[in-house]
Amino acid sequence: MAKESVLIVGEAGDGKTSLIASVDKKLRKSKSRKILSFSANEIQAGCVYVGEWQSKLAVILEEARKERAILHLVDIWNFLSAGTASNVKSSFWDMIQQDIKRANGVQVIGEVTPEVLDQLSALPNFLADFHVIKMPRLDEPEYHKILEQFAGRLGMKLERTALQKLNALVGTFLPQAKGLPGAFRTLEALKEDQKREHPPGKDQVLTPTESDVEATIVRLTRLPEFVVSSTARLKTSELKRWFRQRIIGQERAVDAVIETIALYKSGLNDPTKPIGSFLFVGPSGVGKTELAKALAEFLFGSAQKMLRFDLSEFAKYYSIDMLIGAPTGQKTKARLLDPLRSDPFQVILFDEVEKASISIHDVMLQLLDEGSVSPPNGAPVSFRQTIFIATTNAGAQAATKPTPGFGNPIDPEFDRDRALRELETHFRPELLNRFQHIVPFHPLTRDQILLIAELELKRVLKRQGLVNRDIAVDVSKDVLKHVVQVGYDVRYGGRALQRTIQKEIVLPIAITLMERGPSEGSIIQVYMREDDVAVGLIRGPEDSTKPAKRPNAKAASGSRLTIETLPKTIEQKREQIKDLREQAEINKMHAIIQDVDREREAPDFWDDARRASSRFALQSRFQDYVQSYHRLRDDLQALEATASGVSDKSGLQKWVRDFDRFETRFRTVQRELVAIGEALDYPALLSITPLTPQSENIELLYKMYADWARRQNFEIDLLCAP
94 MAKESVLIVG
104 EAGDGKTSLI
114 ASVDKKLRKS
124 KSRKILSFSA
134 NEIQAGCVYV
144 GEWQSKLAVI
154 LEEARKERAI
164 LHLVDIWNFL
174 SAGTASNVKS
184 SFWDMIQQDI
194 KRANGVQVIG
204 EVTPEVLDQL
214 SALPNFLADF
224 HVIKMPRLDE
234 PEYHKILEQF
244 AGRLGMKLER
254 TALQKLNALV
264 GTFLPQAKGL
274 PGAFRTLEAL
284 KEDQKREHPP
294 GKDQVLTPTE
304 SDVEATIVRL
314 TRLPEFVVSS
324 TARLKTSELK
334 RWFRQRIIGQ
344 ERAVDAVIET
354 IALYKSGLND
364 PTKPIGSFLF
374 VGPSGVGKTE
384 LAKALAEFLF
394 GSAQKMLRFD
404 LSEFAKYYSI
414 DMLIGAPTGQ
424 KTKARLLDPL
434 RSDPFQVILF
444 DEVEKASISI
454 HDVMLQLLDE
464 GSVSPPNGAP
474 VSFRQTIFIA
484 TTNAGAQAAT
494 KPTPGFGNPI
504 DPEFDRDRAL
514 RELETHFRPE
524 LLNRFQHIVP
534 FHPLTRDQIL
544 LIAELELKRV
554 LKRQGLVNRD
564 IAVDVSKDVL
574 KHVVQVGYDV
584 RYGGRALQRT
594 IQKEIVLPIA
604 ITLMERGPSE
614 GSIIQVYMRE
624 DDVAVGLIRG
634 PEDSTKPAKR
644 PNAKAASGSR
654 LTIETLPKTI
664 EQKREQIKDL
674 REQAEINKMH
684 AIIQDVDRER
694 EAPDFWDDAR
704 RASSRFALQS
714 RFQDYVQSYH
724 RLRDDLQALE
734 ATASGVSDKS
744 GLQKWVRDFD
754 RFETRFRTVQ
764 RELVAIGEAL
774 DYPALLSITP
784 LTPQSENIEL
794 LYKMYADWAR
804 RQNFEIDLLC
814 AP
């Protein structure tokens, strides 16, 4: 019997679904046949009792035969297991396959990626019922032509470099929406961003640049700008400072993390594997988990971008099903794979990996080697945008030598080489060799533990119970030393220290707040009285007749802002930015940038090399100025978004600090743009700003610079009076 069913094979986003929709449209137009689309979930929905899905599917097949309809199985790979259970061995596909083989059986269309096709090829007789049609990939000119046409329909014109940037960024940062559909959605988002920034006039065409494309991707992914932008720069010294403020005493680990960030930022990491893979080796409570959180916050924008798994829960062989899904039709949530399908930018933390079953280690091998994990049913899930971290205590105890003496030693010796040798007794060599970095974490010294105690205390003192009351807390150094002495245990590390801080410092403060109700402006003193921690209270001025003060914070300008005045402050800044656009003649800069683009297309553009270079330099300068203006608008939007969440003094103070930084950037851009906007062709500009109200010195400085310029035969134009 001839094969009448079709399996279309192509990469995600290459147009398989669009092709099927186009065929359906033509069939319906000719009134000959039609295509009916179903997913496995749609058929399974509402089927609870034994035999229900069989009856439902039988009706679908009967109707398809009567109407000569073609069944489009959207996720055909799921049909192979859907419907099975412990007491039901047949699946949706078993029933459909029987119908296909009938003389007047239904025709089926399926669509899969090459990876799924490889999995289906291993199944006996599955492909025997299909014509396999492989969709060729669009070449780059065809792809860009389609994007240009789509952008044109949206009222935009993108240069080829901007289209190439969009294509590259969508493939890298929106892998779950890659191909033409992902590019189309990104172009639609880009148009919305452009409309907000450049309200178009009648018949005006929007002309977004590469930096505009990057800004849209940043908004869609919520990743830090430096991750997406090819022009953003990072200094190694700043990286080290950022991580060392959060991770105390683990210099080797911080260096390994910075190395990975540098390779990723420069595009030199292996694109077929995770961004970075680490095996953190060391005792409990020395910073392994904290470093993973810090890495998620820095690279992916939030410490919440971390999936943590305690592998002591996965000691049984079958526990692998909880991570990647069950091999049968059971509805088992894949705790590792499901979150990555929706957001691939995550830090994956496997804690205490030595306690996991061998099946988990096998998955790790695949993950580290191929950069993806194949579930029992379905397409492989990529880990190429993740950081994979495994931690282990294996070998840490044997490598830690206590110092001579009695009690709980705080400064033990750590044999790094022995710790690494001990790993070989717990893990297969092929697994160890897959990690890019095996990083030992050593026990902490007394001074390092004291620093950690100070950091932990600072976090505690930022809690709302203290900040909202406007109460100061003074903790003596002796109290911290006492907490370290009694609370730190080499076996449990920093976690034991946190519990001791809670018991010895936080709880006494809480009791004081509850029992004595200190007024605003009071000071709580925590100090040592002989061998015990004591708490004292210095009350602030109390006046019950005064109404409660609204939280306020002083800006760098000297004005005091309250939560109620934030909307007005933002609106004032918005008006100033609008005025800046007119003063700086941003539209004129846009026009010149576009003029240079058009000039470059002329065949004689390079005949005058000096003029061409000059025009390029002018265009580049204006692009920088326009980008600075756009960033101001983005920064103000970010401030407006966070202002709505300010509810207390702590939040207000943080917002005002961000606002002060914005004000500094605004003044800098204002100085640059207003002068440039009024004088696009001046080779030099001088701005003199008074530090005091007196103006005599300004006039003296102006006269001095003007006299010097005239002696150098410069022409002077006064843009605004001193």
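Under the working numbering, the sequence shown has 507 at position 414, and the numbering climbs by one with no breaks. Glycine is no exception: its CB is placed at the ideal position from the N, C-alpha and C atoms.
- Under DSSP, no beta-bridge partner is assigned to residue 413.
- In the DSSP assignment, residue 204 is bridged to 101.
- Distances from the alpha-carbon of residue 684 to those of 707, 797, 715 put 715 closest.
- Comparing C-alpha distances from residue 720 to each of 539, 134, 305 shows the shortest one belongs to 305.
- Restricting attention to alpha helix (DSSP H) runs no shorter than 4 residues, the region 422 to 480 encloses them at 430 to 435, 451 to 463, ordered along the chain.
- Between residue 630 and residue 652 the beta-carbon gap is near 33 Å, outside 8 Å, which marks them as no contact.
- Looking from the CA of residue 415, the closest CA among 689, 190, 97, 452 belongs to 452.
- Within the same chain, and ignoring the five residues on either side of residue 739 in sequence, the residues whose Cβ sits closer than 7 Å to its Cβ are 656, 659, 745, 748.
- When DSSP states are grouped into helix, strand and coil, residue 761 belongs to the helix group.
- Per DSSP, residue 535 lies in no beta strand (DSSP E) and is assigned neither H nor E.
- Per DSSP, reduced to three states, the secondary structure at residue 343 is coil, with no helix or strand assignment.
- Residue 226 and residue 279 have their C-alpha atoms spaced approximately 29 Å apart.
- A Cβ-Cβ separation of about 6 Å places residue 106 in contact with residue 275 under the 8 Å criterion.
- One thing to note: residue 449 has its Cβ within 7 Å of the Cβ of residue 407.
- Bridge partners of residue 567 according to DSSP: 618.
- Unbroken beta strand (DSSP E) runs of no fewer than 3 residues, entirely contained in the region 249 to 305, are not found.
- With a contact defined as Cβ atoms closer than 8 Å, residue 163 and residue 190 miss out at about 16 Å.
- Shortest Cα-Cα distance from residue 193 to any of 232, 156, 98, 282 involves 98.
- Scanning 443, 181, 267 for the CA closest to the CA of residue 435 turns up 267.
- Unbroken beta strand (DSSP E) stretches of 3 residues or longer found wholly inside the region 149 to 226: 163 to 166, 200 to 205, given in chain order.
- The shortest CA-to-CA distance from residue 376 to any of 571, 563, 167, 581 is the one to 581.
- A Cβ-Cβ separation of about 5 Å places residue 389 in contact with residue 398 under the 8 Å criterion.
- Under the three-state reduction of DSSP output, residue 553 falls in the helix class.
- Between residue 342 and residue 537, the gap from beta carbon to beta carbon is short of 7 Å.
- Taking 7 Å as the cut-off, the beta carbon of residue 444 is found closer than this to the beta carbon of residue 484.
- Its chain contains 319, 358 as the residues whose beta carbon lies nearer than 7 Å to that of residue 327, once the 5 sequence neighbours on both sides are disregarded; these appear in chain order.
- Where residue 118 is concerned, the enclosing alpha helix (DSSP H) starts and stops at 109 to 122.
- In this structure, residue 111 keeps its C-beta atom at 7 Å or more from the C-beta atom of residue 167.
- Taking a 10 Å sphere around the C-beta of residue 666, we find 16 or more other C-beta atoms and assign the residue as buried.
- Residue 127 is bridged by DSSP to nothing; it lacks a bridge partner.
- Taking all protein chains shown into account, residue 604 has fewer than 16 neighbouring C-beta atoms within 10 Å of its C-beta and is therefore exposed.
- The Cβ atoms of residue 372 and residue 531 lie closer than 7 Å to each other.
- Here residue 736 has 659, 660, 663, 748 as same chain residues with Cβ atoms under 8 Å from its own Cβ, once five neighbours each way along the sequence are excluded.
- Remark: C-beta atoms of residue 321 and residue 331 do not approach each other more closely than 7 Å.
- Counting along the chain, residue 605 sits inside no beta strand (DSSP E); it lies in the alpha helix (DSSP H) bounded by residues 600 to 609.
- Sixteen is the threshold: when 16 or more other Cβ atoms of the shown chains lie within 10 Å of the Cβ of residue 722, as they do, the residue is buried.
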